[in-house]
Ligand SMILES: [Zn+2]
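Numbering (this note's numbering), first residue to last: 857 to 1288.
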């Protein structure tokens, strides 16, 4: 078992919510894992637009006991049993009142129960399977929730900025606001933390700075934009929300909230040359923090990236999205993809051909020695690829574009571009 899976097991059980003590605990674990993380907060009552930072929340225990003394919804077994931000309660309740506080879904399998929250409405609730709902029907039950709203627990978030050669930056964000769920919480945190750890440890200076953000979804990203909007608008090259990156899917998905022909769009097209498959969803299918970072007044080149997108798997926002639903192998594959995106966009260059007509490759020791083969499409060699790279190096196309146009791997096209520069066949064109 690798370190990223150890991390998954540590953070999965915590009772995260929109603002809770366990959010802070999660960030402290991430700080230790990455080697560095600035843990910051917004104070309770701070407001922006029409959003207000709520009090923190914690829960020690919760359950329902029926007339036959049978226990249901034991919070200590799984915190997902309780509606997040439930107010405390300790009394016997009749069915007509209880039924309005039991959440189930007939669409789920019979052993599944949903995930629910009540952040802005002072209420309490439990999540049950439909079978449990039927068993509890018409009973008077003891209901116990030992929860508390905390004046001394502000809304915490984490930020780490790794400085590049320029102030231009890639933004990687994920959320820390769901209790024990695997794909739709733990996976995003694990992939973002593993990337942050790797890039922090490398100490290599990249072209772009990389900003990692760990925030409560929606309200967290809106407050983050309040504090950083001008800087982000000026310096963001593109951003990715990491979510649902732990399932078995071999393809990756994203809503089309990023800019067409922007560097991210062109990077994804280029990665298809390396065998990646991307499922692109209409903009109406956006759902995570890309809703805020790509909002018209914010207008950053942003999308979320998943294996199977939220809303698209049956286990989404239900008890079946547990740790057994995600795989260490998938977390590692997802890390590799985001690393490729960061590496490729950072190394991307544009060159411009300078020769009148094709260069004579044989004198450069690059081409095929046998002339006839040159025109055989099945017999591609490095010389043919180099000539094709030069063909597209008219000042309009960079490494990403040429990689997509020729369906060649980014790293190979970059190598050919560098040969062209070294052999004096092209000049660097710096207007990317
Ligand atoms: Zn969610």
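Every residue, glycine too, gets a C-beta built ideally from N, C-alpha and C.
- Each residue's CA atom was taken as its position, placing residue 912 and residue 897 some 11 Å apart.
- Within the same chain, and ignoring the five residues on either side of residue 1244 in sequence, the residues whose Cβ sits closer than 6 Å to its Cβ are 1262.
- Counting only residues of its own chain and dropping the five nearest sequence neighbours on each side, residue 986 has a CB closer than 7 Å to the CB of 960, 962, 966.
- Between the segment 1005-1021 and the segment 1055-1062, the count of C-beta pairs closer than 8 Å reaches three or more; the two stretches touch.
- Exclusion of residue 1141 from the 7 Å shell around ligand 1 follows from its C-beta lying no nearer than that to any non-hydrogen atom of the ligand.
- With contacts defined as CB atoms closer than 8 Å, residue 949 and residue 999 qualify as a contacting pair.
- Annotation for residue 872: 878, 879, 882, 1032, 1033, 1034, 1035, 1041 place their beta carbon closer than 8 Å to its own, counting only its chain and skipping 5 residues before and after.
- In the DSSP assignment, residue 1138 forms no beta bridge with any residue.
- Per the CB criterion, closer than 7 Å to any heavy atom of ligand 1, the qualifying residues run in chain order as 1034, 1040, 1073, 1166, 1173.
- Apart from sequence neighbours up to five positions away, the residues of its chain that approach residue 1182 with a beta-carbon distance below 8 Å are 864, 1038, 1039, 1042, 1043, 1102, 1103, ordered along the chain.
- Between residue 1157 and residue 1094, the gap from beta carbon to beta carbon is short of 8 Å.
- In its chain, beyond the 5 residues on either side, 1196, 1265, 1266 have a beta carbon closer than 8 Å to the beta carbon of residue 1130.
- For residue 1113, the CB contacts under 7 Å within the same chain, skipping 5 residues up- and downstream, are 1139, 1142, 1146, 1150, 1158, 1159 in chain order.
- Taking C-alpha positions only, residue 982 is separated from residue 1201 by approximately 46 Å.
- When the beta-carbon positions are compared, residue 1284 and residue 1277 come within less than 8 Å of each other.
- Contact between residue 895 and residue 1014 holds, since their C-beta atoms are separated by about 6 Å, short of 8 Å.
- The C-beta distance from residue 900 to residue 1010 rounds to 6 Å, short enough to meet the 8 Å contact threshold.
- By the Cβ-count criterion, residue 1079 is buried, with 16 or more other Cβ atoms from all chains shown falling within 10 Å of its own Cβ.
- Under a 10 Å Cβ-count criterion, residue 1161 is classified as buried, with 16 or more other Cβ atoms of the shown protein chains found around its own Cβ.
- Closest option to residue 976, judged by alpha-carbon separation, among 1187, 947, 939: 939.
- Its chain contains 983, 984, 985, 1175 as the residues whose beta carbon lies nearer than 6 Å to that of residue 969, once the 5 sequence neighbours on both sides are disregarded; these appear in chain order.
- Per DSSP, the unbroken beta strand (DSSP E) holding residue 1027 starts and ends at 1025-1031.
- Within the segment 1183-1223, the runs of beta strand (DSSP E) that reach at least 3 residues and sit entirely inside it are, in chain order, 1207-1209.
- Our two residues, residue 1172 and residue 1057, have alpha carbons roughly 33 Å apart in a direct line.
- Among the bridge pairs identified by DSSP, residue 982 is matched with 938, 958.
- Excluding sequence positions up to five before and after residue 1051, its CB lies within less than 7 Å of the CB of 1028, 1191, 1194, 1195, all in the same chain and listed in chain order.
- The criterion of a C-beta distance shorter than 8 Å is satisfied by residue 1281 and residue 1210.
- Between residue 928 and residue 992, the CB-CB gap stays under 8 Å.
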